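In this note's numbering, the protein residues as written are 250 to 567.
All residues carry an ideal CB built from backbone N, CA and C; glycine is no exception.
Model, not experiment: these values are computed from the prediction.
Since the structure comes first, as structure tokens, the remarks are kept for the end.
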Amino acid sequence: MNPNNTLYIVVPCYKEQEVLPETSKRLREKILALRAAGKISDKSRVMFVNDGSSDDTWPIISRLHEQEPGVFSGVNLSRNRGHQNALLAGLMTAVNYADMIVSMDADLQDDINAVDAMVDAYHEGFEVVYGVRSKRDTDTFFKRFTAEGFYKVMKALGVDIVFNHADYRLMSRRAVEGLAQFSEVNLFLRGIVPQIGFKWTTVTYERAERFAGESKYPLKKMLAFAADGITSFSVKPIRLVLSAGVVVFLVSLVMLLYALISKIMGGTAAGWTSLMGSIWLIGGIQLLSLGIVGEYIGKIYNETKRRPRFIIENVLNK
Ligand code: UDP
Ligand code: MG
């Protein structure tokens, strides 16, 4: 068993006053049970991150901390920055105190009991443990269809993400420190965490329905999130433009030949050949140029992210 065993459970909360009383109660029980079992230290905490909620979320969190500082702690963001940023704020704060950090949603959709398996995996030496949904019975058909489609599109675009894994996961302190080295602003944690590496595994759980309140991810936010994920990790769309450019250019040469031959054979209207030729040739050249410019923009985009080029796991040097 790993002696470094302080666990922080980081929970981003945006207008979650309806669920917080129940969530805090259950997380408290979980922390106490894990402590009693000797799996986590007495310094372990539940850390709620208030993502600029306008309701009673922060007052509830502060009260919890006042009543039981040995279990609850809180982080208050200056305004709403969105789930991914709130989560990052929590991780970066917790990493100062914790040896392992579990992140989960506030609405109890993530089965709290999976934390046990995650902590066990940590003690077995895994540094990243992904919570993976076993089924999506409780999601609406629409949510399931769009969400699973999203994972498939990401895979097709060559982005390394874990299927049906949201942001319910355990990370070791080292893994979170690795994450801290990614300085990009467009944060898509599900794509970045696999880039960090280290020994990882998955734990499956059944996703429940939201305990109370309503989803803070309406379709508009979901689409923005998906677009962010794709454009933050893949330059394949640019390559697609380039390939299209090459194809259109080649076709344009054939069309040019065809137009010339038709003209020589006679029977074409005046101006048809030159029009045909210019439309195809210009179109092809434009698309090709756009693709080439895109390639350079793709390079710039990768450079500006300044991702760490490596993260060392071990060094042997006596
Ligand atoms: N959340 C957040 N900031 C936001 C939107 C959501 O911190 O701007 C939190 C929210 O409180 C919850 C988690 O992100 O803990 C996931 O949100 P939600 O459950 O509404 O998303 P869904 O499960 O419907 O995809
Ligand atoms: Mg939810």
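- request: Excluding the 5 residues preceding and the 5 following Leu536 in the sequence, name in chain order all residues of the same chain whose CB lies nearer than 8 Å to its CB.
  value: Excluding residues within five positions, the ones whose Cβ falls inside 8 Å are Val490, Ala493, Gly494, Val497, Phe498.
field: DSSP-derived helix/strand/coil call for Ile561
entry: coil
message: Could you tell me the alpha carbon to alpha carbon distance between Thr635 and Ile258, rounded to whole angstroms?
response: In the structure displayed, the chain extends from 250 to 567; residue 635 sits before or after that span and is not available.
field: Where Thr272 falls, given that 16 or more other Cβ within 10 Å makes a residue buried
entry: buried
field: Pocket of the ligand UDP (residues with CB nearer than 5 Å to any heavy atom), chain order
entry: Chain-ordered list of matching residues: Pro261, Cys262, Tyr263, Glu265, Asp300, Gly331, His332, Ala335, Asp354, Ala355, Asp356, Ser464, Lys465, Tyr466.
- prompt: For Ala424, which residues from the same chain have a beta carbon less than 8 Å from its beta carbon, with the 5 sequence-adjacent residues on both sides left out?
  reply: Glu376, Val377, Val442, Ile445, Phe447
- prompt: For Gly440, which option in Pro467, Leu539, Ala476, Arg456 has the closest C-alpha, if you only look at C-alpha atoms?
  reply: Ala476
message: Measuring only the C-alpha atoms, how far is Asn334 from Tyr466?
response: 14 Å
message: Just list the residues that DSSP pairs Ser322 with in beta bridges.
response: Met296
task: Could you check which residue in Lys292, Leu269, Ala347, Leu539 has the C-alpha nearest to that of Gln358?
output: Leu269
message: Going by DSSP in three states, Thr453 sits in which element: helix, strand or coil?
response: If DSSP states are grouped into helix, strand and coil, Thr453 belongs with the strands.
- request: Spell out the partners DSSP gives His414 in its beta bridges.
  value: Val381
- prompt: Taking 7 Å as the cut-off, does the CB of Arg459 come closer than this to any heavy atom belonging to the ligand SAH?
  reply: By its list of ligands, the structure shown excludes the ligand SAH, since it contains just the ligand UDP and the ligand MG.
query: So the beta strand (DSSP E) Val259 belongs to, where does it begin and stop?
result: 256-262
field: First through last residue of the alpha helix (DSSP H) which encompasses Val351
entry: Looking at the DSSP string, Val351 is not in any alpha helix (DSSP H); the run it does join, the beta strand (DSSP E), is 349-352.
Three-state secondary structure assigned by DSSP to Leu419: strand
Per-residue burial, Asp295 [other beta carbons within 10 Å of its own, 16 or more giving buried]: One point to set straight first is that residue 295 is Val, not Asp, in the sequence displayed. Val295 should be labelled buried.
Burial state of Arg418, where buried means 16 or more other Cβ atoms lie within 10 Å: buried
query: Helix, strand or coil: which one does DSSP assign to Met514?
result: helix
- prompt: Is the Cβ-Cβ distance between Ser481 and Asn551 less than 8 Å?
  reply: no
message: For Asp365, report the span of its alpha helix (DSSP H) as first-last.
response: If you look at Asp365, you'll find it in the alpha helix (DSSP H) that goes 363-372.
- prompt: Who are the near neighbours of Ser501 in its chain, counting only those whose CB is closer than 6 Å to its CB and skipping five residues on each side?
  reply: Taken in chain order, the residues that qualify are Trp529, Leu530, Gly533.
message: Quick check: does the Cβ of Gln316 come within less than 7 Å of any heavy atom belonging to the ligand MG?
response: no
message: Going by DSSP, what residue range makes up the alpha helix (DSSP H) through Pro252?
response: Unbroken run through Pro252: none, as it is neither H nor E.
message: What does the Cβ neighbour count give for Ala347, buried or exposed, with the cut at 16 atoms within 10 Å?
response: Ala347 comes out buried.
field: Element boundaries [alpha helix (DSSP H), containing Glu397]
entry: 390-405 is the extent of the alpha helix (DSSP H) around Glu397.
message: By the three-class DSSP mapping on this structure, what secondary structure does Gln333 have?
response: Correct three-state label for Gln333: helix.
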